[in-house]
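Data block below; observations after.
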Amino acid sequence: MNQFPPRLDSPVAFAMARTMLEGFNRHYRLFRQVSAAAKQRFERADWAGQQAAQRERIAFYDQRVDEATERLQNELDAGNQPMEIWQQAKLHYIGLLTNHHQPELAETFFNSVTTKILRREHFNNEFLFVRPALSTEYIENEEPAAKPTFRVYYPHTHEALHACLRRAIENFQLALPFEDLDRDVGQVLAAVRLRFGNDVRLRANFQIQMLDSLFYRNKGAYAVGKVING
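Here my numbering is used: the first residue of the sequence shown is 12, the next is one more, and so on.
And the structure:
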């Protein structure tokens, strides 16, 4: 049975929530800074730099969790706070995430820090996020320079698929030219037809959704998307 605190009146609980969110925001900011340079490293064929950045990104999360844990222990003695304070801290954290653009990732960060501090084999779910407390479905980024998360393309015929996929690749705006982009797009379409056949009917709402950013790993750059035919 949930023991919902009757009041949110603890300044310590609010400080704990704020410290954890500051830790997550620092992690996300640094992670994006390193990731933003991946496109330039790929275009320069800086494979050693790409691998070093990849290792750095992997270590980022644990480093930020350790930093937040240390702050909470040193500044707020979080490990010795009663469970009532932890309950309030979680609710304050939910409130701080109301206008946050990455609430689900921030909730995961809260869980990581909490489990590191409490150090128990079994945790009371009242202190952890088991499922998202906030929906991200309708979150909009209000930053003027914000890019869309994904782009949607609507080829209405099989003949239009080639031009549509070519435009999708060109929208990534890679500085280096392709050796033969039409050939490469044709090979993608050939693989699709081999998998699904040539007689698939494109319905009225047929669309291709592509994430706006490429994913870089080692010497490769990966475009990620999905097709909806319905």
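We treat Cβ as the ideally placed atom computed from N, Cα and C, and that holds for glycine.
Measure the alpha-carbon distance for residue i versus residue j and round it to whole angstroms.
i: Leu112; j: His167; result: It should be noted that the sequence gives His, not Leu, for residue 112. Whole-angstrom Cα-Cα distance: 34 Å.
i: Pro155; j: Leu213; result: Since pLDDT at Pro155 reaches only 44, below the 50 mark, its modelled position is unreliable, and the value read off the structure follows with that caveat. Those two C-alpha atoms are separated by around 36 Å.
i: Leu172; j: Phe183; result: 18 Å
i: Ser123; j: Gly34; result: 11 Å
i: Asn91; j: Glu81; result: 13 Å
i: His89; j: Met31; result: Correcting the residue type first, residue 89 is Ala in the shown sequence and not His. Roughly 11 Å separates the two Cα atoms.
i: Ala48; j: Gly208; result: 39 Å
i: Leu116; j: Phe140; result: 11 Å
i: Asn36; j: Gln51; result: 24 Å
i: Thr160; j: Met221; result: 9 Å
i: Ala64; j: Ala215; result: 43 Å
i: Arg206; j: Asn110; result: 43 Å
i: Gln62; j: Gln74; result: 18 Å
i: Gln84; j: Glu78; result: 10 Å
i: Glu170; j: Leu192; result: 17 Å
i: Arg162; j: Pro188; result: 22 Å
i: Ala186; j: Gly241; result: 35 Å
Please say whether residue j and residue i have beta carbons closer to each other than 8 Å?
i: Arg178; j: Tyr164; result: yes
i: Val203; j: Ile180; result: no
i: Ala232; j: Phe25; result: no
i: Val23; j: Leu87; result: yes
i: Trp97; j: Lys230; result: no
i: Cys175; j: Ile105; result: no
i: Leu255; j: Arg40; result: Examination of residue 255 is not possible in this model, given that the chain is present from 12 through 241 alone.
i: Val76; j: Lys127; result: yes
i: His38; j: Phe120; result: yes
i: Arg66; j: Phe42; result: no
How far does the alpha helix (DSSP H) with residue i in it extend, from its first residue to its last?
i: Phe35; result: 22-47
i: Lys101; result: 94-107
i: Lys127; result: 114-129
i: Ala89; result: Where Ala89 is concerned, there is no enclosing alpha helix (DSSP H), given that its DSSP letter is neither H nor E.
i: Gln198; result: 192-207
i: Ala174; result: 172-181
Just confirm the distance between the C-beta atoms of residue i and residue j, as a whole number of angstroms; I'd bet it's less than 8 Å.
i: Leu19; j: Leu102; result: 6 Å
i: Phe226; j: Val235; result: 6 Å
i: Gln99; j: Ser21; result: 5 Å
Could you spell out the range, first to last residue, of the beta strand (DSSP E) harbouring residue i?
i: Phe226; result: 226-228
i: Tyr233; result: 231-233
i: Gly241; result: Taken as a continuous stretch (DSSP letters only), Gly241 belongs to no beta strand (DSSP E), as it is neither H nor E.
i: Phe161; result: 161-164
i: Leu19; result: Unbroken run through Leu19: none, as it is neither H nor E.
i: Leu222; result: 218-222
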